[in-house]
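Residues in the sequence shown are numbered from 3 upward in steps of one, following the working numbering.
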Amino acid sequence: MKKLGFLFIFICFLPLCLVGCGQEKQLNSYIIDAVYDEQNHSLSCQQTVTYVNNSNNAIDELCFFLYANSFEEGKRVVPTSYENRAYPNGQSFGSIDMKCIKINGTDSDFLVSDAKNILTIMLEKELFPNESVVVDLEYVVDLANINHRLGYGNNAVNFGSFFPIVCVYEDGRGFVKNDFSPSGDPFYSDIANFEVNITYPNEFVIASTGEQIESEKKDNQIVAKYRAENVRDFCFVLSAKFEMLKEMVGDTEVRYYFYDDENAQEHLQTATNALATFEELFGDYPYSQLSVVKTNFCFGGMEYPNLVMISDDLDSSETDNYVIVHEIAHQWWYGMVGNNEFEDSWIDEGLTEFSTALFFERHQEYGLDYDQIMDNALQTYKNFAKIYSDILGSVDESMNRNLNEFDTEPEYVNCVYTKGMLLFNQVRQSMNDKKFFACLRDYFKTYKFQNSSPEKLIESFCKSTHTNLESFFDAWINGKVVFQ
Ligand SMILES: [Zn+2]
3 MKKLGFLFIF ICFLPLCLVG CGQEKQLNSY IIDAVYDEQN HSLSCQQTVT YVNNSNNAID
63 ELCFFLYANS FEEGKRVVPT SYENRAYPNG QSFGSIDMKC IKINGTDSDF LVSDAKNILT
123 IMLEKELFPN ESVVVDLEYV VDLANINHRL GYGNNAVNFG SFFPIVCVYE DGRGFVKNDF
183 SPSGDPFYSD IANFEVNITY PNEFVIASTG EQIESEKKDN QIVAKYRAEN VRDFCFVLSA
243 KFEMLKEMVG DTEVRYYFYD DENAQEHLQT ATNALATFEE LFGDYPYSQL SVVKTNFCFG
303 GMEYPNLVMI SDDLDSSETD NYVIVHEIAH QWWYGMVGNN EFEDSWIDEG LTEFSTALFF
363 ERHQEYGLDY DQIMDNALQT YKNFAKIYSD ILGSVDESMN RNLNEFDTEP EYVNCVYTKG
423 MLLFNQVRQS MNDKKFFACL RDYFKTYKFQ NSSPEKLIES FCKSTHTNLE SFFDAWINGK
483 VVFQ
């Protein structure tokens, strides 16, 4: 197993080339200088993005997703459906304030949408295919006091999705502008390269995406430099309470950051087991580290490239193990093979939940039986469908809805996670395991470091299994399949 850090050696931080599907692709790059002010719970940032037009069209604007604004006061949608567990000290708000934007060194006008989710920067001249443009952004992120992806809690400070990230451009559609959503993960981004300098008070321990290149102590601060290549996002977590255990899996260092965890060694073991199992099942994890971070978080966990957050508020070690396995599976389904998590959440969550069951099938020591997981899921799903149709007269069982089109959290969880897992189990049952796992590996290999979609997934599965699965997928994702 080779690591990317050894594969790509460049003198300066320029967009790198990847060979995918026979085409050379220039990646976008982000250079971010972030300084954390602990007194004010704010992060001041200078960010330089080199954006490459990889589309077939000339474009005259750039769009960025501003997740940090989902915590703003008076939002149409709340930042999480788990509000009762999110605020440790009462309701709190946060936002991102764009100070200045330059295009190729010249001040530029910009527009933040009414919903505050999208930043649009007009380009002075059109950007043609394969051309690049340099955008400098200066901004301050004010953190809410919230146990969420982005925010400070009583034990740690989470910096998930803190920076403006370029929206994905799709030919024929333009930039895809996701809404905020209280359920699920409203994210969609391209693989890119990151160099991030983080300044933070020296009492903190840091966990981060990527690899630390330098760390220097200045007065009472630490300035740490990180590099992350071929990842679709960048995240870090600070805590003065963190302890850390680590273990190698092949060439990858698996780290477990925690506080108050008497089962820490077991949880590290689960993380190393998960990494090794998924590499064997799907394909290589090509990064030099994976950080599993127990932190203040209002529901199970959250995936970022090379870093997963695990809630410090789970009710048992058994649940901890399940969440650790689930979030690590996302390194393959979301991390390396991306998709629009706002519009097609069943792809990454369905595959991830299914992969979690595959892990327990291979690790009987956890006492969770694969067939039992599927039986329970089917029963849970049927109960949901019956109760909803009894109460409402009918139930929408389609999976291909965006996050805000699910009316309730149970509807989202059952249609996306539970039914998603059952869907992939049904595909598995329809062929022998050799063929099925070859199909999964082929899908991973084809879309590694790219974005998938329902059409691409179905086409890939049909092609590699030499089976026409179109009407099968259509019945499941459009809600037409009937469960006996
Ligand atoms: Zn998930």
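Yeah, the Cβ is synthetic: ideal placement off N, Cα and C, and Gly gets one too.
Please read these numbers as outputs of a predicted model, since none were measured by experiment.
- For THR82, the Cβ stays outside the 6 Å cut-off from all heavy atoms of ligand 1.
- When distances are taken from the beta-carbon of THR420 to the heavy atoms of ligand 1, even the shortest one reaches 6 Å or more.
- For GLU343, the shortest separation between its Cβ and any heavy atom of ligand 1 does not lie below 6 Å.
- DSSP, reduced to helix, strand and coil, places TYR69 within a helical segment of the structure shown.
- Nearest C-alpha to GLU351 among LEU405, ALA88, GLN366: LEU405.
- By the neighbour-count criterion, in which a residue is buried when 16 or more other Cβ atoms sit within 10 angstroms of its Cβ, THR82 is buried.
- For the pair PHE182 and VAL79, the CB atoms are nearer than the 7 Å cut-off.
- Proximity of the beta carbon of THR354 to ligand 1 is indicated: a heavy atom of the ligand is located closer than 6 Å.
- Under DSSP, the beta-bridge partners assigned to MET304 are MET311.
- When the beta-carbon positions are compared, PRO90 and ASN42 stay at least 7 Å from each other.
- The three-state secondary structure of THR82, taken from DSSP, is coil.
- Between the segment 59-75 and the segment 272-279, the count of Cβ pairs shorter than 8 Å is below three; the stretches do not touch.
- Where ALA230 is concerned, there is no enclosing alpha helix (DSSP H), although the beta strand (DSSP E) around it starts and stops at 223-233.
- Looking at the DSSP output, CYS47 shares a beta bridge with ALA36, TYR141.
- If you check the CB distance, ASP39 and SER97 do not come in under 7 Å.
- The Cβ atoms of ILE103 and SER110 sit closer than 7 Å to each other.
- As computed with DSSP, ASN453 is found in a beta bridge with GLY340.
- Non-local C-beta neighbours of ASP398 in its own chain, meaning closer than 7 Å and more than five positions away in sequence, comprise GLY481, ordered along the chain.
- Taking one beta carbon from each stretch, the segment 135-143 and the segment 273-292 have fewer than 3 pairs nearer than 8 Å; the two do not touch.
- Nearest Cα to ASN342 within the set ASP116, ASP192, ASN58: ASP192.
- For GLN366, there is no enclosing alpha helix (DSSP H), as DSSP marks it with neither H nor E.
- A straight-line Cα-Cα distance of about 22 Å links GLN333 and GLN267.
- Distances from the CB of GLU351 to the heavy atoms of ligand 1 include at least one below 6 Å.
- When the alpha-carbon of ARG229 is set against those of GLU197, LEU240, ASP221, the nearest one is in GLU197.
- Looking at the DSSP output, ARG257 bridges to LYS248, SER293.
- Note: PHE112 is bridge-paired with ILE123 in the DSSP secondary-structure output.
- Closest in alpha carbon position to GLU281, among ILE120, ASP253, LYS388, MET304, is ASP253.
- PRO131 and ASN56 have their C-alpha atoms roughly 6 Å apart.
- Contact annotation: ALA158 and SER241 have beta-carbon atoms nearer than 7 Å.
- Here the alpha carbons of GLU407 and LEU64 stand approximately 27 Å from one another.
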